[in-house]
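Protein chains: 4
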Amino acid sequence: MSKIKDYALSDRGRLAYVWAKDHMRILTHSISLLAKSKPLKGITLGVCLQITKETSVLLVGAKELGAKVVACSGNPLTTQDDIAAFLVSKGIEVFAWSGQTKSEHDWCQNKVLSYKPDIITDDGGDLNTKAHFDRKFRLLKIIGGTEETTTGINRYLAMQNKGKLRYPIIAVNNAKTKTLFDNKYGTGQSTIDGYLRAMNLLFASKRTVVCGYGYLGKGVAQKCAGMGSKVIVTEVDPIKALEAHMDGFYVMPMSQAAKIGDIFITCTGMTDVIQKQHLLSMKNGAIVGNVGHFDVEIDSKFLLNQTVRQVRPNLDECILPNGKKIYLVSKGRVANLIASEGHPPEVMALSFSNQLYSILYVLKNHKKMKNLIYDVPKQIDNQVATDALNSMSVKIDRLSKKQIAYQENW
Amino acid sequence: MSKIKDYALSDRGRLAYVWAKDHMRILTHSISLLAKSKPLKGITLGVCLQITKETSVLLVGAKELGAKVVACSGNPLTTQDDIAAFLVSKGIEVFAWSGQTKSEHDWCQNKVLSYKPDIITDDGGDLNTKAHFDRKFRLLKIIGGTEETTTGINRYLAMQNKGKLRYPIIAVNNAKTKTLFDNKYGTGQSTIDGYLRAMNLLFASKRTVVCGYGYLGKGVAQKCAGMGSKVIVTEVDPIKALEAHMDGFYVMPMSQAAKIGDIFITCTGMTDVIQKQHLLSMKNGAIVGNVGHFDVEIDSKFLLNQTVRQVRPNLDECILPNGKKIYLVSKGRVANLIASEGHPPEVMALSFSNQLYSILYVLKNHKKMKNLIYDVPKQIDNQVATDALNSMSVKIDRLSKKQIAYQENW
Amino acid sequence: MSKIKDYALSDRGRLAYVWAKDHMRILTHSISLLAKSKPLKGITLGVCLQITKETSVLLVGAKELGAKVVACSGNPLTTQDDIAAFLVSKGIEVFAWSGQTKSEHDWCQNKVLSYKPDIITDDGGDLNTKAHFDRKFRLLKIIGGTEETTTGINRYLAMQNKGKLRYPIIAVNNAKTKTLFDNKYGTGQSTIDGYLRAMNLLFASKRTVVCGYGYLGKGVAQKCAGMGSKVIVTEVDPIKALEAHMDGFYVMPMSQAAKIGDIFITCTGMTDVIQKQHLLSMKNGAIVGNVGHFDVEIDSKFLLNQTVRQVRPNLDECILPNGKKIYLVSKGRVANLIASEGHPPEVMALSFSNQLYSILYVLKNHKKMKNLIYDVPKQIDNQVATDALNSMSVKIDRLSKKQIAYQENW
Amino acid sequence: MSKIKDYALSDRGRLAYVWAKDHMRILTHSISLLAKSKPLKGITLGVCLQITKETSVLLVGAKELGAKVVACSGNPLTTQDDIAAFLVSKGIEVFAWSGQTKSEHDWCQNKVLSYKPDIITDDGGDLNTKAHFDRKFRLLKIIGGTEETTTGINRYLAMQNKGKLRYPIIAVNNAKTKTLFDNKYGTGQSTIDGYLRAMNLLFASKRTVVCGYGYLGKGVAQKCAGMGSKVIVTEVDPIKALEAHMDGFYVMPMSQAAKIGDIFITCTGMTDVIQKQHLLSMKNGAIVGNVGHFDVEIDSKFLLNQTVRQVRPNLDECILPNGKKIYLVSKGRVANLIASEGHPPEVMALSFSNQLYSILYVLKNHKKMKNLIYDVPKQIDNQVATDALNSMSVKIDRLSKKQIAYQENW
């Protein structure tokens, strides 16, 4: 019943799956330990995640643990069609293909919910929100959800603040082993990757403007500096701004940064960060893109309403009324996923280990949980970190009894 | 009634005070705004802080705001005697001198408490702990305390867990504008400073072992790498260890690091980090020091019981039974304070702005507060960051109404 | 009479040419200034360069300056077929296509020489060497040559040492504005690009072994560290080894590095750097590739004689007799060119400005020149640097008369 | 017959000598190998070097090799008086003390030449120049000289260009193991050290202007960035300027940098780099200093003619006519030597190994040498690098026969 682009791509997808699996030992090790007891037996897992080779390792794993898995894509553009085909070949229901329209994307999400999932694993909050407010689905019996992104969590927070949450959601994104590593190191590298492919220009010698200095922005700023760029940071939070300033970056308002930047990367999760007036004040040839979740950070609509010509894969030349050429990466949508292959598998192994453990936690504990957003339990977070260190043969110290006693003394 | 080393040093102290004041504009600006209304009038402030030029700006400021100020030193060795003299000349009671014995240090703390302070500002927790458990002082009426260090807070946490706290304490250390900047950037630089003065050896070409990867360790590791060292990190927390590993540092247990390191810097707040067996396994010529609060991180006792000769200011050569020479910086006590001048004034301006605002907050709100440890209120933290950015002419963006609405939406 | 893969790719080639041209302002500015006087009129230019979008800007420019241009590729694998088609559409003779066999590559070089070029512009030394030693061509009247690479120059040096050079050759590679920028910054970035595309794994958390610490190796090491890798350097030159050690990298022999590295990048210009015994001692999963000119640095033959399977574009899995999987990037050939698009245009603009000025210099001065290797004249080098700074709006100081006098005094 | 400040300081000097000797194993190892054969027997060595603990290791070593050693200081301010006393106690003639006037400094140089040295080892070129042009000394029979600094070599180059050199001089400074390591890594660290002691302000958050991007400037810029500063570079050479720009630094003329910098460090070897008009345009509170050889880079005269007050050791507050306070480090003289202890011993071990080998080379080869400036022979340079790697237990690869053959082939 799946709907994907091309079932024939399954073999290519399998190759990518094997590559990812070989580099996600933390996750596959946990799956192999759990597979015998089939802890997810009888459960339908509704999934809205980026359909990538790394995700396929999680979904195939969930199936091996006994779940029925139904998946759509967290983003209308980013689905890797060979992976979708491979997943179907493994008995997973998939409703996803690359280059969807907004309404196709919506249709796919509805399809997933029509399978009446027990648990929802979401990336951005679309599926959980739909399960709360869409008439067709708001009577579904869902025991809990998990969420991959800051963006999704912010949406649930707004819902929680108004008392609207109707089942517990674990904020997988807030696990330190997710936020620190996926948002910072993963996106740091995949942003470099995506921009390099889209523009093939030198980072060194250029001023790169990084909008936002959360974990995402920190990772991106650090890696851009590592590639030789002069990094400028824009922020609205004074503490983060001060941190960027102390880390050696120039901090200034967007109105000023717009005039002097060569490359722009939005990392805020906020809307309206690079506005029409900023775009008009930019230098001829400026490159603009976004790695935050939604395509609202840049006024892409304005840009794409100009004279537009695709000059390279994932790069559109937009000629503004003032005659300047501004280049937009992947139409303002997550450049690190669309213009490259997304996070490396080692990073996703951390995130998805948290996802898997959190799904199991929800299943076991949902009756004791309230309709709130929960952090990933500390012991899961530590376990994932320990698994990761082991998988890379890194050894660390342990507190002695004497040290533990010292810690508890005053 | 003060007891200090030499009253004649007052003029030299004044010069240092002026230098610090000129570079602590955030703090002095706040003081000048508040000075007219004398908000601390009638209050006795008991202080246990490092007696440095930066501290003198806070203490003179508190006096200008109306307080009676009585101070001892947070550390028996680090008092700058010229500053102590200058403070006395400004009408502050001081019981502190450099090179105190443990019992002299204790006597000074008793002296401060004998003035029956209303509020205690502490660095390390000695004074607040004494006010709780020392028979002579446990009946003092204290409306609240503030604490500068992680070490102090950990002690109060242990007390709070056993229900022993008898007045509210604001954990100034936990303000982001304190922890992030003082612990990370301040100690990062002052550690380089202290070690350079103590050893005058090259950081580049050497392996520097940084024990602990909290804010302190992060700052130290980053600056050591910035000076060209190959940095090795030891940790007990798997998440921090993983972070260090992803930041490009080598992570290993101390037993292994001890054998290959050239320079050692403990940053843990924990006891027994570099033990006798580690010292015995080190290379001939290794340099060992501590920048954590207490001198318990290294087994200094063992070292100082060997054949010892001071070869440079703040550097002792200890010849071990196995014939190797190990060099100990400032007898295992906070090397960044003892072997250099401590944090630069700009960093202390952030910490002490939090201190000042927190003291005022306690005074105003203590009746509503419980006998618990409180974080610095978020609005104080943001205010200090904003003050700091202003003082350095750094401008940032503000959220628009549309953006605030977006944030609250789902 | 050209021979290329597909003439229909011309339009796609034109798009790439325009993108490159827009980002090679230094070069295109010079060309436009010179175009009127047609200084290369009557000259046949024989070219053996990587056929990329950047090269097309040089070759079309040379034609605009009056030359007849005949080109083959510096590498049998790297030709961009759309560019080749575009060049033909502009009236340039091209004998190049991607994926050539060794004998096809040789045939193309012969074709270029059959046009009896007056000047030869070479990349690696194949064409100039053939013009010296191949019976068919050794009577050609050639007034001079230029050379893009260290590898080529080393070959001519060997020839010069034996008195075999029969016309002057300008070592474009030795211009500081070539070596410093192309070899260091250009390859630094394009190596990251190529490896990211080939492997999609995290640089952070891994040990990357960089073989060779010349300009190439320095650039690669710096950028790998900038991406978070722990960099290990191997060298045979004690001064360069010491430099790497002082720059914070670990230095060790290949026999030792082979056992602990995760990623290997050869940058030496030497043969036999990673040998069979090194490959056998590597960890399972190690990734091995080369960015030096020839594919002799790694024992690729050994690897490609094992059980081999292509697991990703430009990445072959080779299963060794000991059961370990070793992954070889682009069959051991220049990974930064084959697995990505090669150097960014801004970098090539520097190299090719030196090429163009050097070709003009040979034409004007060849009668006064001896049959030797010449450095690019200092005034050309300075001019290119000044052009580059101007194109990026970077202003610098000039020596005053007083300062010049000071310089000449003692 | 020596003239120094205080003979009683000898014991303190000996302690410093031992510390240095223990960390200059490369040099002391060579000395111990040579000591038996007394190769310098009968030779008088005239020395004009900074009188530091590291220099004492060279001079005592030269004496152990048989030379009569007579020394004055390369700088009127920097002599370490305890070292001078120690040297005298070891039978070396010393004419040096800290805080000399210009005429005292001149007198000391004359004293050294009055001993009729056979070989002159110079730092800055004063002694060699005097031996050429001062009537009293121009008939001295000198067999050769060695020179430690770029500044000195530039002076001899001017002399050589006019045919005025009357004996060969080895440019020790030009050895890669000197220039790369002393100028770059040594001064990089000692500049941080000197400025930290002089100002005790934060490098992070500040704009540090580095004037000059030679080896010295590169080392300083890199270390300042490593301490968190935003680095601005000024240059007159377009290639170096481009390099700084590609390395991630901001490049601009001094007139512009003057207005926005917080800290200034001149590293040029040129006069008039920071001029009166620049000083007048600086921000209130700017810190200005020099680490180049002579005190001509900053218009210190102008600054020291204002209202001046010493606010910290080696830091003068100068109140300009426009009311701004500008702070001058160590009166514009080599801040890294005066405000700190100078280069670490490990770095000086490289320089002084080159010195020692060069002195021996002059002695052995002077009859074959012309009156020219000579580079340190390549085999000496390689030997010093190899000695250094050995002393730090760093192992490297060697070229195989096959590789050497490959290198010589075309």
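Taken in order, these protein sequences are the chains called A, B, C and D. Taking the numbering used here as reference, the numbering of the first sequence is continuous, increasing by one, and the terminal residue is 416. Taking the numbering used here as reference, the numbering of the second sequence is continuous, increasing by one, and the terminal residue is 416. Taking the numbering used here as reference, the numbering of the third sequence is continuous, increasing by one, and the terminal residue is 416. Taking the numbering used here as reference, the numbering of the fourth sequence is continuous, increasing by one, and the terminal residue is 416. C-beta: ideal position from N, C-alpha, C; glycine also. A quick note: this is a predicted structure, and the numbers were derived from the prediction, not measured.
Residue closest to residue i, alpha-carbon to alpha-carbon, out of the options
| i | options | result |
| --- | --- | --- |
| residue 379(D) | 141(D), 49(D), 150(D), 109(D) | 150(D) |
| residue 241(A) | 274(A), 64(A), 355(A) | 274(A) |
| residue 127(B) | 396(B), 367(B), 298(B), 385(B) | 367(B) |
| residue 355(A) | 8(A), 16(A), 25(A) | 25(A) |
| residue 340(D) | 107(D), 320(D), 260(D) | 320(D) |
| residue 140(A) | 124(A), 120(A), 227(A), 159(A) | 120(A) |
| residue 11(D) | 43(D), 27(D), 34(D), 79(D) | 79(D) |
| residue 403(B) | 284(A), 328(A), 45(A), 346(A) | 284(A) |
| residue 134(C) | 362(C), 172(C), 184(C) | 172(C) |
| residue 421(D) | 291(B), 211(B), 303(B), 344(B) | Nothing about residue 421(D) can be read from this structure; chain D reaches only from 7 to 416. |
Expected contact under 8 Å - CB spacing of residue i and residue j to nearest Å
| i | j | result |
| --- | --- | --- |
| residue 364(D) | residue 390(D) | That pair is no contact at about 10 Å. |
| residue 208(C) | residue 352(A) | 5 Å |
Residue i: contacting residues in chain D (beta-carbon distance under 9 Å)
| i | result |
| --- | --- |
| residue 253(A) | 210, 234 |
| residue 231(A) | 254 |
Extent of the continuous beta strand (DSSP E) run through residue i
| i | result |
| --- | --- |
| residue 324(D) | 321-325 |
| residue 379(B) | 379-381 |
| residue 361(A) | First-last for residue 361(A): 351-371, but that is the alpha helix (DSSP H), not the beta strand (DSSP E). |
| residue 236(C) | 236-240 |
| residue 273(C) | Residue 273(C) -> no beta strand (DSSP E), and no H or E assigned at all. |
Contact list for residue i against chain C, beta-carbon separation under 9 Å
| i | result |
| --- | --- |
| residue 86(D) | Per Cβ cutoff of 9 Å: no residues; residue 86(D) is ~25 Å from chain C at best. |
Neighbour list for residue i in chain D, Cβ cutoff strictly below 8 Å
| i | result |
| --- | --- |
| residue 256(A) | 236 |
| residue 195(C) | Within chain D, no residue comes near residue 195(C); the closest Cβ sits about 11 Å away, beyond 8 Å. |
Residue-level contact to chain B via CB, residue i, 8 Å cutoff
| i | result |
| --- | --- |
| residue 18(D) | no |
Extent of the continuous alpha helix (DSSP H) to which residue i belongs
| i | result |
| --- | --- |
| residue 134(A) | 132-139 |
| residue 36(C) | 31-40 |
| residue 198(D) | 193-205 |
CB contact check: residue i to chain A, cutoff 8 Å
| i | result |
| --- | --- |
| residue 398(C) | yes |
| residue 242(B) | yes |
| residue 281(C) | no |
| residue 333(B) | no |
| residue 414(B) | yes |
| residue 13(B) | no |
Chain C within 8 Å of residue i, Cβ atoms only
| i | result |
| --- | --- |
| residue 182(D) | yes |
| residue 6(A) | Outside the shown range of chain A (7 to 416) lies residue 6(A), about which nothing can therefore be said. |
| residue 171(A) | no |
Contacts that residue i makes with chain C (C-beta to C-beta distance below 8 Å)
| i | result |
| --- | --- |
| residue 245(D) | 182, 183, 186, 387, 388, 391 |
Neighbouring residues, chain B, relative to residue i (Cβ below 8 Å)
| i | result |
| --- | --- |
| residue 81(D) | Within 8 Å Cβ-Cβ: nothing; residue 81(D) doesn't reach chain B, min ~18 Å. |
Closer than 8 Å at the beta carbon, the chain A residues around residue i
| i | result |
| --- | --- |
| residue 406(B) | 278 |
Beta-carbon neighbours of residue i, restricted to chain C and to distances below 7 Å
| i | result |
| --- | --- |
| residue 176(D) | Those within 7 Å of residue 176(D) in chain C number zero; the least Cβ separation is about 17 Å. |
Any C-beta of chain D under 8 Å from that of residue i
| i | result |
| --- | --- |
| residue 402(C) | yes |
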